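Chemist:
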Amino acid sequence: MATTLASRHRAAIPPRDDPAPPRGGGARRVGSATIGGVPRPLRRFLAPLTDGLTYRRFVHLLLGAVILLPYLGLAALITATVTNGGLDTFGAVLVLVPAGVIAFGVALVPGVRALEITAARALLGATVPEPDPATADSWPARRRAAGWLLLNAAAGAVTALVTLTVVPTTIGFVFAPWLVLEPFPTGGRAWWLPPVGVALPVLLLHAGSAAGAALARLAPRVLGPSPTERMAVELAEAHAAEHALAERNRLARELHDSVGHALTITTLQAGAAARVLDTDPAFVAKALDAIAEAGRSALADLDHVLGLLRGGDDGDGVRDPQPDLDDLDALVDGARSAGVPVDLHRDGATDAVPRAVSREAYRIVQEGLTNALRHAGPVPVAVRVAVRDDAVELELTNPLGGAGPARTGGGRGLAGMRERVMVLRGELSAGAAGDRWRVAARLPLTPDATDAGMMSR
Numbered sequence: 000m001a002t003t004l005a006s007r008h009r010a011a012i013p014p015r016d017d018p019a020p021p022r023g024g025g026a027r028r029v030g031s032a033t034i035g036g037v038p039r040p041l042r043r044f045l046a047p048l049t050d051g052l053t054y055r056r057f058v059h060l061l062l063g064a065v066i067l068l069p070y071l072g073l074a075a076l077i078t079a080t081v082t083n084g085g086l087d088t089f090g091a092v093l094v095l096v097p098a099g100v101i102a103f104g105v106a107l108v109p110g111v112r113a114l115e116i117t118a119a120r121a122l123l124g125a126t127v128p129e130p131d132p133a134t135a136d137s138w139p140a141r142r143r144a145a146g147w148l149l150l151n152a153a154a155g156a157v158t159a160l161v162t163l164t165v166v167p168t169t170i171g172f173v174f175a176p177w178l179v180l181e182p183f184p185t186g187g188r189a190w191w192l193p194p195v196g197v198a199l200p201v202l203l204l205h206a207g208s209a210a211g212a213a214l215a216r217l218a219p220r221v222l223g224p225s226p227t228e229r230m231a232v233e234l235a236e237a238h239a240a241e242h243a244l245a246e247r248n249r250l251a252r253e254l255h256d257s258v259g260h261a262l263t264i265t266t267l268q269a270g271a272a273a274r275v276l277d278t279d280p281a282f283v284a285k286a287l288d289a290i291a292e293a294g295r296s297a298l299a300d301l302d303h304v305l306g307l308l309r310g311g312d313d314g315d316g317v318r319d320p321q322p323d324l325d326d327l328d329a330l331v332d333g334a335r336s337a338g339v340p341v342d343l344h345r346d347g348a349t350d351a352v353p354r355a356v357s358r359e360a361y362r363i364v365q366e367g368l369t370n371a372l373r374h375a376g377p378v379p380v381a382v383r384v385a386v387r388d389d390a391v392e393l394e395l396t397n398p399l400g401g402a403g404p405a406r407t408g409g410g411r412g413l414a415g416m417r418e419r420v421m422v423l424r425g426e427l428s429a430g431a432a433g434d435r436w437r438v439a440a441r442l443p444l445t446p447d448a449t450d451a452g453m454m455s456r
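Residues in the sequence shown are numbered consecutively from 0, following numbering that gives the first Met the number 0.
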């Protein structure tokens with residue numbers, strides 16, 4: 000029975016139309032020395048012939064020789080004039096010196112570097128970084144561009160001479176068995192010449208490809224930004240990243256302080272209203288009004304921050320949603336409506352405080368009240384704002400203890416206050432003083448501190 004099942008199984012498998020190559024070889028074997036029947040070394044040897052980049056790089060090399068021709072002609076004319084028309088072998092070699100000097104001088108003209116970069120990208124396939132426009136035409140950049148032109152001209156001259164030698168030699172080798180060409184052998188003795196003649200242009204293309212690859216690797220260093228320019232770009236990018244991080248932190252502080260304060264007020268008002276919903280309708284209505292006002296304030300602050308994120312400018316003079324010390328009364332009234340007895344004491348004129356300092360001072364007071372509500376509950380809070388000749392002094396104190404609403408996160412309030420004070424180069428202290436919690440800040444009114452605050456906006 001087993002034999003019958005095996006026979007049926009074999010009969011159910013159709014025969015393969017393309018049997019696998021025999022073990023130990025075959026053109027289809029993965030990892031073998033042949034690919035599609037072509038030996039791997041021969042395939043690598045012929046690969047540059049089918050790559051367009053090889054021919055573009057060869058054109059770039061010959062272009063260097065073409066660029067050198069007018070300078071050689073002018074230099075030959077100058078040398079012949081100086082030597083009264085008599086040019087020996089040594090004089091012919093000396094022609095290269097004035098030719099190089101003239102080419103170097105012309106390459107110092109502004110704009111040559113841009114043309115060289117374009118040619119290197121299009122023909123060599125080089126990845127040349129865009130130079131800094133501020134230093135693209137500086138003298139160091141021009142000298143490097145001139146050096147690149149001389150290097151390209153020298154490589155092109157060698158390539159042109161080799162090409163002019165290889166072309167007739169190839170023709171002679173290929174047709175040597177059928178033609179009488181001195182000093183090549185003819186007839187059967189010349190059987191080895193045609194293969195050599197065919198290999199010569201291939202070797203020439205390989206040499207040109209290698210030279211072009213070397214120039215492509217060198218182009219970014221010579222034509223691209225110099226080490227000094229790259230360092231300047233890196234520093235600029237680092238400053239931009241630092242500025243972006245500072246701006247992101249500032250926006251985070253704005254959201255935390257403004258929206259967080261509004262949400263804290265809303266939470267306390269809603270909780271208090273829920274407790275007296277059936278017994279004190281007047282208080283509930285007042286609490287709902289306070290919640291609505293806190294929501295409107297939070298929406299205004301959120302709209303301001305979103306405008307900054309979109310790249311808008313709120314400094315058009317129409318409306319600045321960022322409050323300052325002149326808005327402390329509204330801030331205190333909102334806290335009082337939440338059931339927090341706040342005692343506000345002012346010493347000095349707050350309208351004389353610079354806007355940058357006044358805004359940060361307001362946010363510090365706001366965050367201090369928010370922290371008191373969160374951690375101590377509706378306890379009495381004393382707020383003192385003193386405007387001195389050289390600084391604004393802030394102090395907030397409240398009793399320790401009490402039970403604020405449960406916290407699900409945070410811990411960024413004091414950190415945000417410290418960042419604000421640090422930007423203005425001021426001082427901040429926060430901690431328990433006896434049975435009270437005390438937050439004290441000193442914001443200097445010096446021009447340097449004010450400018451730092453303006454730059455942080």
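Glycine included, each C-beta is placed from N, C-alpha and C at the ideal position. Just so we're clear, the structure is a prediction, and the values are computed from it rather than from any experiment.
(1) If we count the other Cβ atoms within 10 Å of its Cβ and call it buried at 16 or more, is Met416 buried or exposed?
(2) Does the beta-carbon distance from Leu123 to Arg56 come in below 8 Å?
(3) Just the Cα atoms here: how many angstroms apart are Gly306 and Asp332?
(4) Over what stretch of residues does the alpha helix (DSSP H) that includes Glu115 continue unbroken?
(5) Starting from His205 and walking both ways along the alpha helix (DSSP H), at which residues does that stretch end?
(6) Does the stretch 204-217 come close enough to the stretch 103-116 that 3 or more CB-CB pairs lie under 8 Å?
(7) Report yes or no: do three or more beta-carbon pairs, one from the stretch 120-139 and one from the stretch 224-242, lie closer than 8 Å?
(8) I'd like to know if the stretch 344-352 and the stretch 322-332 are in contact, where contact means that at least 3 CB-CB pairs between them fall below 8 Å.
(9) Quick one: using the 10 Å Cβ neighbour count with 16 as the cut-off for buried, is Pro194 buried or exposed?
(10) Confirm the yes/no value for this check: CB of Leu204, any heavy atom of the ligand ATP, distance under 7 Å.
(11) Any idea which residues DSSP pairs Asn397 with across the strands?
(12) Does the Cβ-Cβ distance between Leu149 and Ala102 come in under 8 Å?
(13) Should the stretch 228-244 be called in touch with the stretch 390-398, which here means at least 3 C-beta pairs below 8 Å?
(14) Assign Pro443 to one of three DSSP states: helix, strand, or coil.
(15) First and last residue of the beta strand (DSSP E) that includes Ala381?
(16) So with Cβ pairs under 8 Å, would you call Pro353 a contact of chain B?
(17) In angstroms with no decimal places, state the Cα-to-Cα distance between Gln275 and Leu262.
(18) Measure the C-alpha to C-alpha separation of Val384 and Gly430 and round it to an integer number of angstroms.
(19) Kindly indicate which residue of Val221, Val378, Thr278, Leu444 has the alpha-carbon position closest to the one of Glu129.
(20) Please report the straight-line C-alpha distance between Ala371 and Thr126, rounded to a whole angstrom.
(21) Would you call Thr158 buried or exposed, if buried means 16 or more other Cβ atoms sit within 10 Å of its Cβ?
(22) Near Val161, which residues of its chain fall below 7 Å by C-beta distance, leaving aside the five closest residues on each side in sequence?
(23) In the DSSP assignment, find the beta strand (DSSP E) that holds His344 and state where it starts and stops.
(24) Check for me: the alpha helix (DSSP H) holding Arg332 runs from which residue to which?
(25) Would you report the Cα separation of Arg435 and Arg229, rounded to the nearest angstrom?
(26) For Val339, which option in Asp279, Thr265, Pro132, Pro377 has the closest C-alpha, if you only look at C-alpha atoms?
(27) Flag this pair as yes or no: are the beta carbons of Leu459 and Val165 separated by less than 8 Å?
(28) What is the DSSP secondary structure of Pro38, counted as helix, strand or coil?
(29) Arg441: which of Ala432, Gly433, Arg419 sits nearest, CA to CA?
(30) Does the beta-carbon distance from Val283 to Leu330 come in below 8 Å?
(31) Check each candidate in Arg345, Val65, Val304 and name the one with the smallest Cα separation from Val391.
(32) Measuring only the C-alpha atoms, how far is Asp302 from Gly347?
(33) Taking the continuous alpha helix (DSSP H) assigned at Ala152, which residues delimit it?
(34) Just confirm the distance between the C-beta atoms of Glu359 and Leu413, as a whole number of angstroms; I'd bet it's less than 8 Å.
(35) What are the boundary residues of the alpha helix (DSSP H) that includes Val352?
(36) Tell me whether the beta-carbon of Leu60 lies closer than 8 Å to the beta-carbon of Ala153.
Modeler: Let me lay it out:
(1) Residue numbering aside, residue 416 sits at position 417 when the sequence shown is read from its first letter. By the 10 Å Cβ count, Met416 comes out buried.
(2) Counting from 1 along the sequence shown, the entry for residue 123 is found at position 124. Counting from 1 along the sequence shown, the entry for residue 56 is found at position 57. Yes. Within cutoff.
(3) Start at 1 with the first residue of the sequence shown, and residue 306 comes out as number 307. Start at 1 with the first residue of the sequence shown, and residue 332 comes out as number 333. Distance between the alpha carbons of Gly306 and Asp332 is about 28 Å.
(4) Here residue 115 refers to the residue found at position 116 of the sequence shown. Element bounds for Glu115: 111-118.
(5) The count along the sequence shown starts at 1 and reaches residue 205 at position 206. Looking at the DSSP string, the run of the alpha helix (DSSP H) that includes His205 is 192-222.
(6) no
(7) yes
(8) yes
(9) Here residue 194 refers to the residue found at position 195 of the sequence shown. Classification for Pro194: exposed.
(10) The ligand ATP is not part of this structure, which contains no ligands at all.
(11) Here residue 397 refers to the residue found at position 398 of the sequence shown. Bridge partners of Asn397: Trp436.
(12) The count along the sequence shown starts at 1 and reaches residue 149 at position 150. The count along the sequence shown starts at 1 and reaches residue 102 at position 103. Yes, the pair counts as a contact, with Cβ atoms nearer than the cut-off.
(13) no
(14) Numbered from its first residue, the sequence shown carries residue 443 at position 444. Strand at Pro443.
(15) Residue mapping note: residue 381 aligns to position 382 of the sequence shown, counting from 1. Its beta strand (DSSP E) spans residues 380-386.
(16) Absent from the structure: chain B. Only one protein chain is present.
(17) Start at 1 with the first residue of the sequence shown, and residue 275 comes out as number 276. Start at 1 with the first residue of the sequence shown, and residue 262 comes out as number 263. Residue identity check: residue 275 is Val in the sequence provided, not Gln. One C-alpha to the other measures close to 20 Å.
(18) Position 385 of the sequence shown, counted from the start, is the residue given in the question as residue 384. Position 431 of the sequence shown, counted from the start, is the residue given in the question as residue 430. Near 19 Å, if we compare the C-alpha coordinates of Gly430 and Val384.
(19) Within the sequence shown, the letter at position 130 stands for residue 129. Ranking Val221, Val378, Thr278, Leu444 by Cα distance to Glu129 puts Val221 first.
(20) In the sequence shown, counting from the first residue as 1, residue 371 sits at position 372. In the sequence shown, counting from the first residue as 1, residue 126 sits at position 127. Roughly 59 Å between the two C-alpha positions.
(21) Walking along the sequence shown from the start, residue 158 turns up at place 159. Thr158 is buried by the Cβ-count criterion.
(22) On the sequence shown, residue 161 is found 162 positions in, with the first residue counted as 1. Leu203, listed in sequence order.
(23) What you label residue 344 is simply residue 345 of the sequence shown in a count that begins at 1. Unbroken beta strand (DSSP E) run through His344: 341-346.
(24) To locate residue 332, count along the sequence shown from 1; it is residue 333. Strictly speaking, residue 332 in this sequence is Asp, with Arg absent from that position. Note, Asp332: alpha helix (DSSP H), 327-336.
(25) Here residue 435 refers to the residue found at position 436 of the sequence shown. Here residue 229 refers to the residue found at position 230 of the sequence shown. For Arg435 and Arg229, the distance between alpha carbons rounds to 55 Å.
(26) Start at 1 with the first residue of the sequence shown, and residue 339 comes out as number 340. Nearest option by C-alpha distance: Pro377.
(27) Nothing in the structure corresponds to residue 459, since the chain is present only between 0 and 456.
(28) The residue given as residue 38 occupies position 39 in the sequence shown. Note: Pro38 maps to strand in three-state DSSP.
(29) For the purposes of this step, residue 441 is taken as the residue at position 442 of the sequence shown. Closest by alpha carbon: Arg419.
(30) The sequence position of residue 283 within the sequence shown is 284, counting from 1. The sequence position of residue 330 within the sequence shown is 331, counting from 1. For Val283 and Leu330, no; Cβs fall outside 8 Å.
(31) Mapped onto the sequence shown, residue 391 falls at position 392. Closest by alpha carbon: Arg345.
(32) Within the sequence shown, numbered from 1, the residue matching residue 302 stands at position 303. Within the sequence shown, numbered from 1, the residue matching residue 347 stands at position 348. Answer to the nearest angstrom: the Cα atoms are 32 Å apart.
(33) Mapped onto the sequence shown, residue 152 falls at position 153. Its alpha helix (DSSP H) spans residues 138-174.
(34) Working through the sequence shown from its first residue, we reach residue 359 at position 360. Working through the sequence shown from its first residue, we reach residue 413 at position 414. Not quite, the Cβ-Cβ distance comes to about 15 Å (not below 8 Å), so this is no contact.
(35) As a first step, residue 352 must be located in the sequence shown, where it is residue number 353. Unbroken run through Val352: none, as it is neither H nor E.
(36) Stepping through the sequence shown from its first residue, residue 60 is reached at position 61. Stepping through the sequence shown from its first residue, residue 153 is reached at position 154. Going by C-beta atoms, Leu60 is not nearer than 8 Å to Ala153.
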